[in-house]
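Residue numbers for the sequence shown follow the numbering used here, so the first one is 200 and each next one is one higher.
Here is the structure we will look at.
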Amino acid sequence: MGTFERGQLLPELDKVVFSLEEGKISEPVQTSFGVHLLKVSRRKAARVAPFEEARKKVESSLRAEKARALVKKKIRLLRYDVEDKKPETEIPGLQKGETSYSEIKTRPVSFPDERGLWPAVFDLKKKSDLSGEKKGDKGVMFFQLLDIKASAVPDFKEVKKAVRKRYVLEKSGEIADRKSNVWLSELQKKERAFEDLAVRLKVKIMKPKAFSRGDAPGEINKNSGFVNGLFRIKKGGFNRSRSQGKMYIIRIAEEPAADMSKYKKEKRELRKNLLEEKRRLIFLQRMDDLRKGAKIRIEGGFSF
Numbered sequence: 200m201g202t203f204e205r206g207q208l209l210p211e212l213d214k215v216v217f218s219l220e221e222g223k224i225s226e227p228v229q230t231s232f233g234v235h236l237l238k239v240s241r242r243k244a245a246r247v248a249p250f251e252e253a254r255k256k257v258e259s260s261l262r263a264e265k266a267r268a269l270v271k272k273k274i275r276l277l278r279y280d281v282e283d284k285k286p287e288t289e290i291p292g293l294q295k296g297e298t299s300y301s302e303i304k305t306r307p308v309s310f311p312d313e314r315g316l317w318p319a320v321f322d323l324k325k326k327s328d329l330s331g332e333k334k335g336d337k338g339v340m341f342f343q344l345l346d347i348k349a350s351a352v353p354d355f356k357e358v359k360k361a362v363r364k365r366y367v368l369e370k371s372g373e374i375a376d377r378k379s380n381v382w383l384s385e386l387q388k389k390e391r392a393f394e395d396l397a398v399r400l401k402v403k404i405m406k407p408k409a410f411s412r413g414d415a416p417g418e419i420n421k422n423s424g425f426v427n428g429l430f431r432i433k434k435g436g437f438n439r440s441r442s443q444g445k446m447y448i449i450r451i452a453e454e455p456a457a458d459m460s461k462y463k464k465e466k467r468e469l470r471k472n473l474l475e476e477k478r479r480l481i482f483l484q485r486m487d488d489l490r491k492g493a494k495i496r497i498e499g500g501f502s503f
């Protein structure tokens, strides 16, 4: 898992890890993610970091904090657009989704978070209600309640059909994961040709045009961590991705490269766009402040 300082792991794991001796294995530790066995391979003595190293670490932390604050502000302004039924502000990398009807105990697979935010959806009581901004596994999000369906006890056939469908999906996913891992290993070891695998599986090889980190094609997982990982793979390398219930094996056709001939022009355009975006955010922030500070007066004669 790497090297960690105190406070970087889950509290349950942190307590056990820092009480273990080198080479010892812990008793099973229960967390919200499952049961874990921990082993400390080596301890590193604490040290005082050199000034330059500490400065870079602090700068990196501040940049990350500033980026998170900016994202949260943009999501809040987008929520205001939705609330006021205005055209929605475009945000690069933003993903929208809609779940099926689900119960509080059954988080739908399409819900993009596993940190316990699903029950918060049920705090919304009326159609079109909006939640506040929430921090999840994959970024900042908010929810809107589109419809409410009354609780009902389904008949046995419906339950049987739903259970069978879920079972088939889970098993097919396990099989696809297991087989794709074998094929990926064979491709990486050059024991199998990419084209031969496509012929054997009777699938089409898609050839999307070259893309940047911010405009990955819809066929692959839009998770930023996965996409960034693709840019570290050399030409001819392979990886795999699950997206919308399908498994993709990806071959890198070109080395990542930047078109420096367009650098100066893009730099000017980027600077211009950033200034415009900053002015827009300042204006929207001012409108937000006015909105929060707005007052109403109720004349005499009204009763509640």
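All C-beta atoms in this analysis are idealised placements derived from N, C-alpha and C, irrespective of residue type, glycine included.
Inter-residue distance for residue 334 and residue 320 is about 13 Å (C-alpha atoms, whole angstroms).
Relative to the Cα of residue 296, the nearest Cα in the group 284, 430 and 311 belongs to 311. The C-alpha of residue 204 is placed about 19 Å away from the C-alpha of residue 258. Here residue 347 is exposed, its C-beta having fewer than 16 other C-beta atoms within 10 Å. According to DSSP, residue 299 shares a beta bridge with no other residue. The Cβ-Cβ distance between residue 274 and residue 339 falls below 8 Å. Checking the DSSP bridge columns, you'll see residue 339 partnered with 334. Residue nearest to residue 407 within the set 451, 247 and 378 is 451 (criterion: CA-CA distance).
Partner residues in the beta bridge of residue 438, as assigned by DSSP, are 449. Annotation for residue 372: no beta strand (DSSP E) segment contains it, though the alpha helix (DSSP H) segment containing it runs 355-387. Nearest to residue 439 by alpha-carbon distance, out of 221, 261, 383 and 324, is 383. Of the candidates 399, 486, 277 and 292, the residue whose Cα lies closest to the Cα of residue 343 is 277. Annotation for residue 247: no alpha helix (DSSP H) segment contains it, and DSSP assigns it neither H nor E. About 16 Å separates the beta carbons of residue 448 and residue 371, which is beyond the 8 Å limit, so they are not a contact pair.
In this structure residue 228 is in contact with residue 212, their Cβ atoms being roughly 6 Å apart against a cut-off of 8 Å. Closest in alpha carbon position to residue 473, among 404, 248, 261 and 269, is 269.
Using a Cβ distance threshold of 8 Å, residue 239 and residue 221 count as a contacting pair.
Annotated three-state conformation of residue 403 is coil, per DSSP. For residue 329, the beta-bridge partners assigned by DSSP are 343. Counting C-beta atoms within 10 angstroms of its own C-beta, residue 236 has fewer than 16 neighbours from the protein chains shown and is therefore classed as exposed. CA-CA distance, residue 426 to residue 415, rounds to 7 Å. For residue 216, the enclosing alpha helix (DSSP H) starts and ends at 210-216. For residue 398, the number of other beta carbons within 10 angstroms of its own is below 16, and it is reported as exposed.
Of the other Cβ atoms in all chains shown, 16 or more fall within 10 Å of the Cβ of residue 216; this residue is therefore buried.
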